[in-house]
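*Asks:* Residue numbers (my numbering): 39 to 476.
The C-beta atom is built at its ideal place from N, Cα and C for all residues, glycine as well.
The structure follows.
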Ligand SMILES: Cc1cc2nc3c(=O)[nH]c(=O)nc-3n(C[C@H](O)[C@H](O)[C@H](O)COP(=O)(O)OP(=O)(O)OC[C@H]3O[C@@H](n4cnc5c(N)ncnc54)[C@H](O)[C@@H]3O)c2cc1C
């Protein structure tokens, strides 16, 4: 198929066989994202930076909206577009260690984090990314990257040392702290609006095993369990990071905690996770040492066919007093609530250093609703939490509204992001839906 049947111009020779249109047997597994079924006019499958340049030129010539996709896990479903052209980077998925002594790794944007973990493990290296192996490098590493080891190692973007970007006009630019510093700044937190990042150079950490505890407790309705969870984190060394889910279970609310410790001996892990067993009535408790890739396993890899529609919003909290903790616990009756510890190494970075400015907060609170619940249900669930939120993280926001932009990129950060997006992409080819006008 060369594009003619979809009412599109033929693709250039370079992309021959790598355009997928309705009717092509590959279309069913390429049209959609994890959260949304879509009907793009075409999906292009470049395999190199030169292909991405050609794909972008071709897509622009069609005069249709363009979507960029790395792993297809974006919650807003923006990596596909009805009647538009998707540039799918899954063919750019190389992972190479550039300099073992410096732990410098080059990762192409279309790789999944499960593949990155698997490729780096034999080198004794890891990159703290997220909690799911099927998430793509490109979307996560242009937004932030709240991983299993976030308090130890900070966000994924905090380890990015250079990026290669195809700009809207087809120019290929390498950006780092010295060359194109403004582009480098914007890519780390607001990368979706500047161009197509084809590769990241990332400083990995030396890590083989991690301690993992799965702890389930009954969360008290007065919020004291959630408050104590935050208190344990506040007092703990940054080797400890945790993610927790609050779920109604019959008349009670269960807090299911995954605690990950960046330590290679159970003797170190046990005392760090022990206080978490005390924060509510203990329902379940397991502890193990596992290789890092176990946390983002290749068993997570799958095609994205719109299988998980949901609406999600989030807020970053600074401190967790009685009132906040009660509000979080109450919200669990109306939405799926996840808590992620942030703080630690995330807060070592100055707020102005990257386009992710939230460097003093210590908890990320995420709320999701699933069909048949819709936007009104999410708003109702979030209504008790909104006043406690001190900023938001772009990658857990599924509704691209201007108000979301202001929470994600507050104040001067937002003005700088908007200027960068306009400078590198004056016609707004990539401009996210919630972008303000410059
Ligand atoms: C099940 C699940 C678990 C998650 N867990 C975590 C987690 O633990 N921690 C965390 O931080 N986040 C997590 N996320 C959120 C995740 O970071 C975002 O959804 C991210 O955008 C997904 O990246 P992707 O490449 O798969 O997305 P895609 O859907 O491919 O892309 C989303 C958007 O990102 C932009 N984009 C993608 N690739 C590029 C590129 N190469 N250059 C420029 N812009 C690009 C585009 O605007 C695109 O529309 C999770 C999401 C899901 C669905």
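Looking at C-alpha atoms only, which residue of 51, 181, 45 is the closest neighbour of residue 59?
*Replies:* Here the closest residue by C-alpha is 45.
*Asks:* Once the 5 residues before and after residue 319 are set aside, which same chain residues still bring their CB inside 8 Å of it?
*Replies:* 255, 256, listed in sequence order.
*Asks:* Looking at the strands, I want to know which residues DSSP matches up with residue 244.
*Replies:* According to DSSP, residue 244 bridges with 163.
*Asks:* State the CB to CB distance for the pair residue 175 and residue 203, rounded to an integer number of angstroms; the pair is presumed to be in contact (CB under 8 Å).
*Replies:* In fact, because the Cβ distance is near 14 Å, the residues do not count as touching under 8 Å.
*Asks:* Does the region 327–345 come into contact with the region 60–80, if we say contact requires no fewer than three beta-carbon pairs (one atom in each stretch) closer than 8 Å?
*Replies:* Yes, they touch.
*Asks:* Going by DSSP, what residue range makes up the alpha helix (DSSP H) through residue 279?
*Replies:* Note, residue 279: premise wrong, no alpha helix (DSSP H); beta strand (DSSP E) at 278–287.
*Asks:* So residue 171 packs on residue 151, CB below 8 Å; how close in whole Å?
*Replies:* So it is a contact: roughly 6 Å between Cβ atoms.
*Asks:* Please classify residue 78: is it buried, with 16 or more other beta-carbons within 10 angstroms of its beta-carbon, or exposed?
*Replies:* With 16 or more other Cβ atoms within 10 Å, it is buried.
*Asks:* Residue 396: buried (16+ other C-beta within 10 angstroms of its C-beta) or exposed?
*Replies:* With 16 or more Cβ atoms within 10 Å of its Cβ, residue 396 is classed as buried.
*Asks:* So who's on the other strand from residue 100, going by DSSP bridges?
*Replies:* BP columns for residue 100 are empty, so no partner.
*Asks:* Bridge partners for residue 352 per DSSP, in chain order?
*Replies:* DSSP lists 404 as partners of residue 352.
*Asks:* I'd like the ranges of any alpha helix (DSSP H) spanning at least 4 consecutive residues and lying wholly in the region 389–448.
*Replies:* Listed in chain order, the complete alpha helix (DSSP H) runs (minimum 4 residues) inside the region 389–448 are 413–420, 440–446.
*Asks:* Apart from the five residues on each side of it in sequence, which residues of its chain come closer than 7 Å, Cβ to Cβ, to residue 100?
*Replies:* Counting only Cβ-Cβ distances below 7 Å, and skipping sequence neighbours, we find 46, 47, 123.
*Asks:* Decide if residue 249 is buried, meaning its Cβ has at least 16 other Cβ atoms within 10 Å, or exposed.
*Replies:* Answer is buried; the Cβ neighbour count reaches 16.
*Asks:* Considering only residues of the region 78–146, which uninterrupted beta strand (DSSP E) runs meet the minimum length of 3 residues and lie entirely inside it, listed in chain order?
*Replies:* If we require 3 residues or more, the beta strand (DSSP E) runs fully inside the region 78–146 come out as 80–82, 104–107, 123–126, 133–137, 142–146.
*Asks:* Considering just the uninterrupted stretch of the alpha helix (DSSP H) at residue 362, what are its terminal residues?
*Replies:* Looking at the DSSP string, the run of the alpha helix (DSSP H) that includes residue 362 is 360–369.
*Asks:* Does at least one heavy atom of ligand 1 sit under 7 Å from the Cβ of residue 169?
*Replies:* The answer is yes for residue 169.
*Asks:* Here's a check: name, in chain order, each residue in its chain whose Cβ is nearer than 8 Å to the Cβ of residue 41, leaving out the five neighbours to either side.
*Replies:* Unreliable placement is indicated for residue 41, whose pLDDT of 44 sits below 50; the coordinate value is still reported in the next sentence. Cβ within range, chain order: 47, 48, 49, 57, 59, 80.
*Asks:* Between residue 455 and residue 447, how many whole angstroms is the CB-CB distance? I'm expecting something under 8 Å.
*Replies:* About 5 Å; that satisfies the 8 Å criterion.
*Asks:* To the nearest angstrom, how far is it from the Cα of residue 273 to the Cα of residue 405?
*Replies:* If you take the alpha carbons of residue 273 and residue 405, they lie about 26 Å apart.
*Asks:* Once DSSP output is grouped into helix, strand and coil, what is the label at residue 73?
*Replies:* Of the three classes helix, strand and coil, the one that applies to residue 73 here is coil, per DSSP.
*Asks:* Classify residue 291: buried if its beta carbon has 16 or more other beta carbons within 10 angstroms, exposed otherwise.
*Replies:* It is buried - the Cβ of residue 291 has at least 16 other Cβ atoms within 10 Å.
*Asks:* Determine which residues share a DSSP beta bridge with residue 257 and list them.
*Replies:* Looking at the DSSP assignment, residue 257 forms a beta bridge with 291.
*Asks:* Which residue marks the beginning of the beta strand (DSSP E) containing residue 198, and which one marks its end?
*Replies:* Residue 198 -> beta strand (DSSP E) spans 198–204.
*Asks:* Give me, in chain order, the residues of the same chain whose beta-carbon lies closer than 7 Å to that of residue 110; leave out the 5 immediate sequence neighbours on both sides.
*Replies:* Once the five neighbours on either side are set aside, the close Cβ partners of residue 110 are 71, 72, 117, 174, 342.
*Asks:* What is the C-beta distance between residue 243 and residue 235, in whole angstroms, given that I count them as a contact (C-beta under 8 Å)?
*Replies:* 21 Å between Cβ atoms; not a contact.
*Asks:* Looking only at its chain, what residues have a beta carbon closer than 7 Å to the beta carbon of residue 223, apart from the 5 residues adjacent to it on each side?
*Replies:* Answer for residue 223: 392, 393, listed in chain order.
*Asks:* Roughly how many angstroms lie between the CA atoms of residue 420 and residue 89, to the nearest whole one?
*Replies:* Roughly 43 Å separates the two Cα atoms.
*Asks:* Hey, how far is the Cα of residue 378 from the Cα of residue 168?
*Replies:* Each residue's alpha carbon lies about 11 Å from the other.
*Asks:* Based on Cα-Cα distance, which residue from 74, 104, 131, 82 lies nearest to residue 114?
*Replies:* Taking only the C-alpha atoms, the option nearest residue 114 is 74.
*Asks:* Can you determine whether any heavy atom of ligand 1 sits closer than 7 Å to the C-beta of residue 470, and answer yes or no?
*Replies:* Yes - ligand 1 has a heavy atom lying nearer than 7 Å to the Cβ of residue 470.
*Asks:* According to DSSP, simplified to helix, strand and coil, what is residue 59?
*Replies:* Reduced to three states, the DSSP call for residue 59 is coil.
*Asks:* Please classify residue 309: is it buried, with 16 or more other beta-carbons within 10 angstroms of its beta-carbon, or exposed?
*Replies:* Residue 309 is exposed by the Cβ-count criterion.
*Asks:* For the alpha helix (DSSP H) that contains residue 194, what are its first and last residues?
*Replies:* No alpha helix (DSSP H) contains residue 194, which DSSP labels as neither H nor E.
*Asks:* Can you check which of these residues, 337, 317, 157, is closest to residue 363 by C-alpha distance?
*Replies:* Of 337, 317, 157, the residue nearest in Cα terms is 317.
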